[in-house]
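Chains as they are written, first to last, in the numbering used here: chain A, 132 to 715; chain B, 4 to 290.
Glycine residues also receive a C-beta, built at the ideal position from the N, C-alpha and C atoms.
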Amino acid sequence: MAEDLNWAVGGEAGDGIDSTGKIFAQALSRAGRHVFTSKDFASRIRGGYTSYKIRTSVDQVQSVVDRLDILVALTQRTIDENLDELHEGSAIIYDGERSWEAEIPDEMTAVDVPLKSLAEEAGGAIMRNIVALGAACEITGFDVEYLDEALEKRFGGKGSKIVENNKEAARVGQEYVRENYDLDHLGYNIETTDNDYVLLNGNEAIGMGALAAGCRFYAGYPITPATSIMEYLTGRIDDYGGHVVQAEDELSAINMALGAARSGARSMTATSGAGIDLMTETFGLVATSETPLVITDVQRSGPSTGMPTKQEQGDLNMALYGGHGEVPRFVVAPTSITECFWKTVEAFNLAEKYQTPVFLVSDLAMSVTEQTFPPEAFDMDEVEIDRGKLVDEDEVDEWLDAQGHFRAHAVTEDGVSPRAIPGTTDAAHMSTGLEHDELGRRTEEEDERVHQVDKRYRKVETAREQEDWDYREFGNADAENLIISWGSNEGALVEALDYLEDDGIDVRVISVPYIYPRPDLTEEIEAADDTIVVECNATGQFADVIERDVLTRVKRINKYTGVRFKADELADAITEKLSEEVPA
Amino acid sequence: MSSDVRFTDFKSDKQPTWCPGCGDFGTMNGMMKALANTGNDPDNTFVVAGIGCSGKIGTYMHSYALHGVHGRALPVGTGVKMARPDIEVMVAGGDGDGYSIGAGHFVHAVRRNVDMTYVVMDNRIYGLTKGQASPTSRSDFETSTTPEGPKQPPVNPLALALASGASFIAQSFSSDAMRHAEIIEKAIEHDGFGFVNVFSPCVTFNDVDTYDYFRDNLVDLQDEDHDPNDYEAAKGVILDSDKEYQGVMYQNENSVPYHEEHGVTEDMSEIPDGAPDDAMDLVREFY
Ligand SMILES: Cc1ncc(C[n+]2csc(CCOP(=O)(O)OP(=O)(O)O)c2C)c(N)n1
Ligand code: SF4
């Protein structure tokens, strides 16, 4: 494995931390290096500690580690917060001219750069972060021209003057370090490759998946960390004849999305915790009216407003069981950023093929993490679209009853009824949340009720048979130790395999992207000596459903600090769990 | 769309379960007539209904329809119209549905000015839940949940609409069949959000706001030389709490409906068989 470099910038919210990090990540990606980023931010716009970390390597990276090589510290707190990750070879770039006296441990290399004065020289104090990036390039032996490319991408729209000033700021930062420090002993020398990577986060991948899948309507209400899906689609969806509405609340958002879906558009809404609660009112209506709708929940730390900018996988029960009465639905949970794209495409197909709500369950860690991929990871030629039993004018006749009424909820063997959208001649019909007959008309007749309930659940059974409810697998398939995970924990787990291997521990990792229906893991669990379910919540919601499926107890690793798993930490936790007794 | 559509084509063969004499019969007949008169047919019409006696209207009419959850009909209508600007959208519900649980949506649907017609069957009571106070009930109206009256002033839905920037505000009376249908027709023809509050008496639970009461007290703006394009005049009649009016109170003739304002013109139900041809550009954006 090639050498990693771990870089971070930290300061107060409002210091431009996010854009500084993003620019450096983009420069590394331009240089053909893989990048994995993580952000720590508080729920406020100004003030409060914020950081942006980048782990980069020529190999693929998919997790964070407890190590920092280069730190751009805009405040003392940045140093204090990261002390345990800094080591003897770490270099800390800071501005000694600022009012604070930086306290930097002796064994680390302090690189005092007058960021503000140099930025002013280059054209404005606002560019002090870019000066710091120039300094970082010098320390790491990274060609500043890649930074130029990232600056062009970032500021190109604002005119060439701004771009030139920023490039100049990077140059002065670089030169200042070159003239005043000799840092060769640190031994950093960033290797580059000819590869062209794309750099994106999970929410962007969901938005891109929606566009690829033909989504034309999106309604949402802003909420962290789902909003960036709406921001991505706004503007872009219009290029395909679609539209985004910012609704007055989540109740409205899901009902708008339902209306558009009922009219034949591929339609989606996305929210998080509190918003999912509000949308729950309409789940049952979506399911009983058999409307194809994709509902995305980018989970964050709950309950209530909880920790809105922190990671958690606590809404699984909500997705599985939310809503009154019994509601058939699919729950799909992407396990990586590429999967965010592919599972979104799949969600739209499932929704239309089975005319059900599909929950696409992601999480905060995935939504804000940026990662590099070869562009072929999102090969648009591979995107398939299946609109299910959408009937046109010519097919309507097959589905009319003796009086000429369209049987929109026809009881069929596979549970799937024909779907006619407004404008289809002779197929006008009623859709309702009330229990109804085949025509969509209210009924309380006992047999009808049972037929319709059975029919709706039969769709799920049909899907169970027809679709591939598979899992992804890593490590050694014959290992006696089985680790099961869902959602964004996959990356850290895959990397933890390396640490475990070093310690001579052999494991098989199963990463499950389907929560309902889900693959039957009975055989896998029975074949293993030890099974551990890893998830970011306190109670082990996925472990609960696995135990119920397989009728056996599993071990659990639960993290609910608000921070995602790190690879090294996970390896330690697994080692420890393996030595524990299985719960009785 | 065929020109020989009759209003009965909008009738379903389901018998209404409304109480004999309920105002909703007249309200519905007027809606069906107005739809037929404006050249619509069941296959190009979408009726969204709320919850309440009033909300049952979607069941008794024949068209594409959705009967949703309590108070959320307007957002559904908005979604339908956005996806299908070619479809005629009509949203119907009660005063509880629209001005209580759905009040937030009402304000925003009005200001969005989506091109649809919103008919509220205002009986100043909760009918389906058997006679509790509604947001338009008089402050001294005694009901099972307000034995001494709600003791709070009723909502003035017309004023709420006006304050929210409505482009069309009207009121009608369900038993004045001709005028009612005519007013709904104007709302359908309006480019934007056509809001009609309809006095639709509940003969079972409201013995105050009765047919006789409206017959005796209703002032028709047609007879008053009211100019609906005159905002100040509209404000005058809308804020006049001493009288009950019928007619179009306000119409902004320069109204531009939401979908036109936002350039939403395409039928969103049609999509390519796979990803769009230029979809790799979406990926390249992340280089
Ligand atoms: C969320 C929710 N809360 C309460 C109800 C019960 N409910 C059904 S109809 C209704 C009131 C209807 O009143 P209105 O809108 O005035 O219609 P009307 O029956 O008078 O036509 C209520 C409260 C419900 N269906 N859903
Ligand atoms: S209860 Fe009132 S509103 Fe409901 S059907 Fe009877 S008369 Fe009409």
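- Taking 8 Å as the cut-off, the Cβ atoms of residue 413 of chain A and residue 385 of chain A count as close.
- Remark: C-beta atoms of residue 63 of chain B and residue 19 of chain B approach each other more closely than 8 Å.
- With respect to residue 48 of chain B, residue 192 of chain B sits apart: the two C-beta atoms are not nearer than 8 Å.
- The beta strand (DSSP E) runs of length 3 or more contained entirely in the segment 202 to 255 of chain A are, from start to end of the chain, 217 to 225 and 240 to 243.
- Counting only residues of its own chain and dropping the five nearest sequence neighbours on each side, residue 183 of chain B has a CB closer than 8 Å to the CB of 29, 30, 33, 175, 176, 177 and 201.
- Neighbourhood of residue 61 of chain B in chain A, by CB distance below 7 Å: 561, in chain order.
- With respect to residue 603 of chain A, residue 479 of chain A sits apart: the two C-beta atoms are not nearer than 8 Å.
- When the alpha-carbon of residue 43 of chain B is set against those of B:166, B:228, B:92 and B:237, the nearest one is in B:92.
- Between residue 639 of chain A and residue 613 of chain A, the CB-CB gap stays under 8 Å.
- Residue contact with chain A for residue 285 of chain B: present (Cβ-Cβ distance below 8 Å to some residue of chain A).
- Contact check for residue 172 of chain B and residue 237 of chain B: beta-carbon distance about 7 Å, within the 8 Å limit, so the pair qualifies.
- For residue 348 of chain A, the C-beta contacts it makes with chain B under 8 Å involve 82, 85, 86 and 271, in order along the chain.
- Listed in chain order, the non-local C-beta contacts of residue 219 of chain A below 6 Å within the same chain comprise 238, local neighbours out to five positions each way being set aside.
- Listed by position along chain B, the residues whose Cβ is nearer than 9 Å to that of residue 145 of chain A form an empty set, because the closest Cβ is around 26 Å away.
- The alpha helix (DSSP H) runs of length 4 or more contained entirely in the segment 53 to 92 of chain B are, from start to end of the chain, 60 to 63 and 76 to 86.
- Per the C-alpha coordinates, the member of A:420, A:375, A:418 and A:419 positioned closest to residue 400 of chain A is A:375.
- Contacts with chain B at 8 Å (Cβ-Cβ) include residue 552 of chain A.
- In the DSSP assignment, residue 226 of chain B falls outside any alpha helix (DSSP H), carrying neither H nor E.
- When the five nearest sequence neighbours on each side are left out, the beta carbons in the same chain lying within less than 8 Å of the beta carbon of residue 526 of chain A are those of 549, in order along the chain.
- At a C-beta separation below 7 Å, residue 290 of chain B has these neighbours in chain A: 327 and 329.
- The alpha-carbon separation between residue 661 of chain A and residue 673 of chain A amounts to approximately 17 Å.
- Around residue 71 of chain B, the beta-carbon contacts reaching into chain A at under 7 Å are 386, 416 and 564.
- Residues 222, 240 and 270 of the same chain have their beta carbon placed closer than 7 Å to that of residue 314 of chain A, with the five preceding and five following residues left out of the count.
- By the Cβ neighbour-count rule, residue 289 of chain A is exposed, with fewer than 16 other Cβ atoms within 10 Å of its own.
- With respect to the C-alpha of residue 255 of chain B, the residue from B:274, B:234 and B:25 having the closest C-alpha is B:234.
- By the neighbour-count criterion, in which 16 or more other beta carbons inside 10 Å mark a residue as buried, residue 249 of chain B falls on the buried side.
- Closest option to residue 227 of chain B, judged by alpha-carbon separation, among B:73, B:120, B:128 and B:247: B:247.
- Counting of Cβ neighbours within 10 angstroms places residue 459 of chain A among the buried residues, the total reaching 16 or more.
- Contact annotation: residue 492 of chain A and residue 646 of chain A have beta-carbon atoms nearer than 8 Å.
- For residue 506 of chain A, the neighbours in chain B by C-beta distance under 9 Å run, in chain order, 283, 286, 287, 289 and 290.
- Look at residue 690 of chain A here: in three-state DSSP terms it is coil, with no helix or strand label.
- Each of B:21, B:22, B:25, B:56, B:130, B:205, B:206 and B:207 has a C-beta closer than 5 Å to some heavy atom of ligand 2; these make up the full list, in chain order.
- For residue 376 of chain A, at least one C-beta of chain B is nearer than 8 Å to its own C-beta.
- Under the Cβ criterion of 8 Å, residue 420 of chain A is counted among the residues facing chain B.
- Taken atom to atom, the span from the alpha-carbon of residue 366 of chain A to that of residue 693 of chain A is near 32 Å.
- Taking a cut-off of 8 Å on C-beta distances, the segment 320 to 332 of chain A does not touch the segment 252 to 268 of chain B, as fewer than three cross pairs fall below it.
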